[in-house]
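Peer 1: Using our numbering, the first residue of the sequence shown is number 60, and each one after it goes up by one. Please see the structure below; I have some questions.
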Amino acid sequence: MRKKQAKKRPLLPDPRFNDQLVTRFVNNMMWDGKKSVAFKVFYDAIDIVEEKKQDDEKTALELWKDALSNVMPHVEVRSRRVGGATFQIPMQIRPDRKIATAMKWLITYSRKRNEKSMAAKLAAEILAAAKEEGAAVKKRMDTHKMAEANKAFSHFRF
């Protein structure tokens with residue numbers, strides 16, 4: 060390796076829940092460096108989840124964490140060239156990449172929904188993902204299916 064690995068920057072926990080995962084999510088959601096706007100969107104979404112949720116034993120933040128873990132993929136396919144042919148090889152995902160991918164999918168599919176505001180979109184996607192439905196969970200299922208279908212090529216792992 061020519062360059063050394065980049066250092067992991069410590070994240071400050073968010074002001075309301077005192078949770079670093081929330082800050083990481085908000086950083087992913089943020090556009091044009093507008094962090095306060097992103098925080099407002101996230102907190103509004105959490106408030107909407109708090110109103111709309113069915114089960115009373117879980118907080119909105121716990122529901123969001125459930126949603127995140129329901130969206131997390133465990134395997135993914137990576138392209139690898141072997142003798143002129145490109146194979147899709149199923150591979151385990153590193154824990155930090157799992158979280159990053161889950162966040163990305165949750166945000167992407169929230170943006171594609173057609174509720175009024177981003178907070179409403181995010182809240183709806185969180186509630187759907189917590190119940191193991193919605194577009195982000197479907198994406199995880201598709202990823203797992205693809206890995207399962209290409210299991211025959213797993214001996215090409217590097």
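Backbone N, C-alpha and C define an ideal beta-carbon position, used for all residues, glycine too.
Starting from methionine 150, follow the beta strand (DSSP E) in both directions and report where the run begins and ends.
Peer 2: From DSSP, the beta strand (DSSP E) with methionine 150 extends over 144-151.
Peer 1: Identify the residues that DSSP records as bridge partners of arginine 83: which are they?
Peer 2: Paired residues: none, contrary to the question.
Peer 1: Using 8 Å as the threshold, is the segment 175-191 in touch with the segment 97-107, meaning 3 or more CB pairs across them?
Peer 2: Taking 8 Å as the limit for Cβ pairs, the verdict is that the segment 97-107 does touch the segment 175-191.
Peer 1: Between lysine 111 and the rest of its own chain, which residues show a CB-CB distance below 8 Å, the 5 nearest in sequence each way excluded?
Peer 2: The residues are Ala182 and Leu186.
Peer 1: Could you check what DSSP says for serine 138 in three-state terms: helix, strand or coil?
Peer 2: In this structure, serine 138 counts as strand in the three-state DSSP scheme.
Peer 1: Are the beta-carbon atoms of tryptophan 206 and proline 149 separated by less than 7 Å?
Peer 2: Residue identity check: residue 206 is alanine in the sequence provided, not tryptophan. Yes, they are a contact pair.
Peer 1: Return the residue from the list Lys63, Phe101 and Lys190 that minimises the CA-CA distance to serine 176.
Peer 2: Looking at the Cα atoms, Phe101 is the closest of the given residues.
Peer 1: Mind checking leucine 165: buried by the 16 CB within 10 Å criterion, or exposed?
Peer 2: So leucine 165 counts as buried.
Peer 1: My output table needs one value for threonine 167: the three-state DSSP class, helix, strand or coil.
Peer 2: Helix, per DSSP.
Peer 1: Look at the alpha carbon of arginine 75 and the alpha carbon of alanine 144, and state the distance between them as a whole number of angstroms.
Peer 2: Approximately 51 Å, taken between the alpha carbons.
Peer 1: Would you mind sorting tryptophan 90 into buried or exposed? The rule is 16 or more other CB atoms within 10 Å of its CB.
Peer 2: It is exposed - the Cβ of tryptophan 90 has fewer than 16 other Cβ atoms within 10 Å.
Peer 1: Find out if the Cβ-Cβ distance for the pair arginine 140, phenylalanine 215 is shorter than 7 Å.
Peer 2: No, Cβ-Cβ distance for arginine 140 and phenylalanine 215 is not below 7 Å.
Peer 1: Identify the continuous alpha helix (DSSP H) that holds asparagine 129 and give its terminal residues.
Peer 2: First-last of the alpha helix (DSSP H) with asparagine 129: 119-130.
Peer 1: Considering just the uninterrupted stretch of the alpha helix (DSSP H) at arginine 199, what are its terminal residues?
Peer 2: 194-208 is the extent of the alpha helix (DSSP H) around arginine 199.
Peer 1: Could you have a look at leucine 186 and say whether DSSP puts it in helix, strand or coil?
Peer 2: In this structure, leucine 186 counts as helix in the three-state DSSP scheme.
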